[in-house]
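Here's the structure, in structure tokens; my notes come after.
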Amino acid sequence: MTLIKLRNLRLAKGISQTHMAKQLGYKYASGYANIEMGRNKPSLEAAKKISEILNTNVEELFFEQKLLNKSNKEISA
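All residue numbers for the sequence shown refer to my numbering, where the first residue is 21 and numbers rise by one.
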């Protein structure tokens, strides 16, 4: 996951870490902040919710571009 991308997208949308944490069901903002800083990896359910809140898709937000390109090449081969 590109952590910078996650943070920048959230900031560009004007969404606080506190808001993200509440939407994800965390009691404290640090629950979400730990994901954004790479200390914790989100569950698939949380990743889907984060992508919904930020209005993007899970693949674009949480998977490296190299991995996506490789998968697309294998599918088209």
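Each residue gets a CB set at the ideal place from its N, CA and C atoms; glycine is no exception.
Under a 10 Å Cβ-count criterion, arginine 30 is classified as buried, with 16 or more other Cβ atoms of the shown protein chains found around its own Cβ. Contact between leucine 23 and glycine 58 holds: their C-beta atoms lie close to 5 Å from each other, under 8 Å. Here asparagine 28 carries a helix assignment [DSSP, helix/strand/coil]. Between the alpha carbons of isoleucine 35 and glutamine 43 lies a gap of roughly 11 Å. By the neighbour-count criterion, in which 16 or more other beta carbons inside 10 Å mark a residue as buried, alanine 32 falls on the exposed side.
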